[in-house]
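To start, the structure itself, in structure tokens.
2 protein chains.
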Amino acid sequence: MKIVIDGFGGDNAPDEVLKGAALAVKELGIEVIVTGEVKILEERMAALGISSDKISFAAAEGVITTEDNPKSILKEKSKTSMGVAFNMLAEGQADAAISAGSTASIVIGGTMIGKRIKGVKRTALVPLMPCLGGKRYCVLDGGANLDCRPEMLLQFAIMGSCFMKATMGIENPRVGLLNIGTEDEKGRELEQETKKLLEKAPINFLGFVEAREVPLGGVDVLITDGFTGNVFLKACEGMGALMKDALKSIFYANLKTKLGALCVKSQLKDFMAQMDYKTIGGSPLLGTAKPVFKAHGASDEAAFFGAFRQAKLFVENNAIDEMTKAIASLNIGEASENV
Amino acid sequence: MKIVIDGFGGDNAPDEVLKGAALAVKELGIEVIVTGEVKILEERMAALGISSDKISFAAAEGVITTEDNPKSILKEKSKTSMGVAFNMLAEGQADAAISAGSTASIVIGGTMIGKRIKGVKRTALVPLMPCLGGKRYCVLDGGANLDCRPEMLLQFAIMGSCFMKATMGIENPRVGLLNIGTEDEKGRELEQETKKLLEKAPINFLGFVEAREVPLGGVDVLITDGFTGNVFLKACEGMGALMKDALKSIFYANLKTKLGALCVKSQLKDFMAQMDYKTIGGSPLLGTAKPVFKAHGASDEAAFFGAFRQAKLFVENNAIDEMTKAIASLNIGEASENV
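Chains A and B supply the protein sequences, listed in that same order. Numbering of the first sequence is given in the working numbering, commencing with residue -19 and proceeding in unit increments. Numbering of the second sequence is given in the working numbering, commencing with residue -19 and proceeding in unit increments.
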């Protein structure tokens, strides 16, 4: 299996990209293609003492940044490290593509260059969130599509299920529709109409779920519109930050509390790692005909390795074939609406 | 000042109501009227050894429960402990009313019996949430009105500002409009249109605010529609529960971690108290012409005391006069739409 990675995407490129690639080659048995200015990549490989076994380079010019118009990846920026990665993916020279670069460019490039699965109305970048016991759940839509229609949420539910099964090893992912109560009559027209569709879909649908249950591990796939999804995600993130700050105040209060911190150091470290977004690796762009993953912009070696690991599982378990079949079985119509 | 309280509302009524009332009489210098079956109230007062100084009883029959149709408080349940409290408020026999009973009945009873402020389109039950440093912010709408129009959110912003100024002592409450980004073009039509109104309103408007900043203390008044607001609140609640569970796992892991727990016991207790919804006291029902507070259903003596304290500050600082003037200055029109 060959995975192509944008060598100059993210805050710590190219060094952490290269280190993550080397670890992935060693641990996962894959081949990696790194895109970018080959001279720099070769120099950094040598400086880091990384063997070039199973790591190859693909020449690219410059980087697409958050300041660039994301659509420029389709034209004038198509030769950048991200553009080359997506084009190699589209041409079948790699089985999956990863980038820690500009999110908007990944969504547009991944969708337009990688193409959509037939019948998919919108692609979605899908964050994986930590919940009780170190588990993960995913949220669709996390913010790309503010106004969602029931048919879009139906497709998201199927895509999310296939993803969690393929990469997280959950046999029968529990899908919940976010609502302000679990009673049948609760919610807006969107929740009422979507529920009818999800009840008939080939997924393990739990029904309505309240936001409170989600961080406690109530679902594997959380379905909601992009506005609500984004608010939900950021509320969780803010509470996580509050928690971190509170723990600091508690443990740094005085000498006695610092002793307390020493006593729970390893448990605390484990918990912090569980809650850390970076350890999760990548967020998939779901709905594309070829596997595209976004790594966190602050990714380090371990985070890039996590993204490689996810991409490998995704390819290995034929997640895209599964999605394609399930979406085709819905017969919703084929008009694509992305971008 | 006289405050009437529903003697039989909440899980711990009437004992904790009576204890809270006694504490309020002693600490706040107010008079309290407790509604309910007088014989039972007298017996419990005697059993608890509470002096009847400045505590009087108003006879009522039975209780309205969450199983009752909330509108029954207007007719067949008007003689219940909650019904009598609201009617005394409406008739001017008390300056404010408190109940820990059924939320829906409080909203309907408080709004219909207590009446609306002239021009107010909808009343809102306003939760106070904990944020960084033990501070509080309020959310409007927290779930009552799923579909909100910009003019409703404008009124909520004014009502929330007046409330935070009167009861929390915040001179110039910071009002934020919840959105998925802070850039001008972000959000749905609701956020775009509401922003224009809030920019011209007599409030300290910060502009758009992301959910992440709210638990970190970014605003005093958070404005959003009831669906999003409810999801936001419950996401925060769920993360709080996750945090509590995680702390338990960390500290109960083994003997060494239990020693660690002892070292931070007092700091941890303080933090837990800050995050506890009960210590906040009551949620006001804003938009009513007379002050109505809902205490948490699980309220104990301290929580009831907190509700009395809030109600007293609310009355003392003429919050309703302030709201009435501000709402009148908007000239939005006078059609009321509640219930």
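Cβ coordinates follow ideal geometry from the N, Cα and C atoms, glycine included.
Which chain A residues are close to residue i, counting only those with a beta carbon under 8 Å from its beta carbon?
i       : result
D127(B) : R168
M132(B) : Near M132(B) there are no residues of chain A at all, since even the closest Cβ is about 15 Å away, more than 8 Å.
V194(B) : A215, G218
A221(B) : R192, P195, L196
C111(B) : L222
A233(B) : V244, Q247
Anything in chain B within Cβ reach of residue i, meaning under 8 Å, just list it in chain order.
i       : result
Q290(A) : Neighbours of Q290(A) on chain B: none; closest Cβ ~23 Å, over 8 Å.
I230(A) : V244, Q247, L248, F251
Name the two residues that bound the continuous alpha helix (DSSP H) containing residue i.
i       : result
G156(B) : Counting along the chain, G156(B) falls outside any alpha helix (DSSP H), though it belongs to the beta strand (DSSP E) covering 154 to 159.
N210(A) : 206 to 231
I307(A) : 299 to 308
E378(B) : The shown model of chain B, from -19 to 319, leaves out residue 378(B), and the question about it has no answer.
K270(B) : Where K270(B) is concerned, there is no enclosing alpha helix (DSSP H), given that its DSSP letter is neither H nor E.
S32(B)  : Here S32(B) belongs to no alpha helix (DSSP H), and DSSP marks it neither H nor E.
K166(A) : Run containing K166(A): none; DSSP gives neither H nor E here.
G240(B) : 235 to 243
The beta strand (DSSP E) with residue i in it runs from where to where?
i       : result
D366(A) : Any property of residue 366(A) remains undetermined from this structure, which presents chain A solely from -19 to 319.
E7(A)   : From DSSP, E7(A) is part of no beta strand (DSSP E) but of the alpha helix (DSSP H) over -5 to 8.
G286(A) : Premise fails: G286(A) lies in the alpha helix (DSSP H), 281 to 296, not in any beta strand (DSSP E).
L266(A) : 262 to 266
L202(B) : 201 to 203
S36(A)  : 35 to 39
E11(A)  : 11 to 16
G140(B) : No beta strand (DSSP E) holds G140(B); the alpha helix (DSSP H) holding it covers 130 to 148.
L186(A) : 184 to 190
Which chain A residues are close to residue i, counting only those with a beta carbon under 7 Å from its beta carbon?
i       : result
I160(B) : G123, F207, N210, V211
K236(B) : C243
A226(B) : F251
In chain A, which residues lie less than 9 Å from residue i when you measure between Cβ atoms?
i      : result
T46(B) : Going along chain A, no residue has its Cβ under 9 Å from T46(B), so there is no contact; the nearest lies around 12 Å.
T91(B) : None at all; the shortest Cβ gap to chain A is about 20 Å.
Chain B partners of residue i, CB-CB under 7 Å?
i       : result
E190(A) : K214
L239(A) : C243
Report task. Take every Cβ of the region 119 to 134 of chain B, pair it with every Cβ of the region 169 to 178 of chain B, and state whether three or more of those distances are shorter than 8 Å. Result -> Because the criterion of three Cβ pairs below 8 Å is met, the region 119 to 134 of chain B and the region 169 to 178 of chain B touch.
Report task. Note down, in chain order, all residues in the region 207 to 219 of chain A with a beta-carbon under 7 Å from any beta-carbon belonging to chain B. Result -> Here the close residues are F207, T208, N210, V211, F212, K214, A215, C216, E217, G218, M219.
Requested in this report: Mind listing, in chain order, the continuous beta strand (DSSP E) runs of no fewer than 3 residues lying wholly within the region 45 to 116 of chain B?
Outcome: Counting only runs of 3 or more, we get 76 to 79, 108 to 111.
Query raised in the report: Does the region 82 to 98 of chain B come within contact of the region 51 to 71 of chain B, defined as at least 3 CB pairs closer than 8 Å?
Result: At 8 Å Cβ cutoff, the stretches touch.
Requested in this report: Specify whether the region 190 to 205 of chain A and the region 138 to 146 of chain B touch according to this definition: at least 3 beta carbon pairs, one from each stretch, less than 8 Å apart.
Outcome: no
Report task. Report yes or no: do the region 245 to 254 of chain A and the region 34 to 53 of chain A share at least 3 C-beta pairs separated by less than 8 Å? Result -> Between the region 245 to 254 of chain A and the region 34 to 53 of chain A there are fewer than three inter-stretch CB-CB distances shorter than 8 Å, so the stretches are not counted as touching.
Query raised in the report: Are the region 228 to 243 of chain B and the region 143 to 161 of chain B in contact at 8 Å, needing three or more beta carbon pairs?
Result: no
Query raised in the report: Touching or not, the region -10 to -1 of chain B and the region 20 to 34 of chain B, by the rule of three or more beta carbon pairs under 8 Å?
Result: yes
Report task. Would you check if the region 29 to 43 of chain B and the region 58 to 73 of chain B touch, i.e. whether three or more CB-CB distances between them fall below 8 Å? Result -> Cβ pair count under 8 Å is three or more, so yes.
Query - Validate contact between the region 112 to 124 of chain A and the region 207 to 214 of chain A using beta carbons, cut 8 Å, 3 pairs - result: With a cut-off of 8 Å on Cβ pairs, the region 112 to 124 of chain A is in contact with the region 207 to 214 of chain A, counting three or more such pairs.
Query raised in the report: Touching or not, the region 87 to 97 of chain A and the region 281 to 288 of chain A, by the rule of three or more beta carbon pairs under 8 Å?
Result: no
Query raised in the report: So does the region 69 to 78 of chain A actually touch the region 291 to 307 of chain A, counting three or more Cβ pairs closer than 8 Å?
Result: yes
Query raised in the report: How do the region -17 to -6 of chain B and the region 8 to 22 of chain B stand: do at least 3 beta-carbon pairs fall below 8 Å, yes or no?
Result: yes
**Report entry** At least three beta-carbon pairs within less than 8 Å, the region 196 to 208 of chain A to the region 147 to 163 of chain A
**Finding:** yes
Report task. May I ask you to verify whether the region 266 to 273 of chain A touches the region 230 to 245 of chain A, counting CB pairs closer than 8 Å and requiring at least 3? Result -> no
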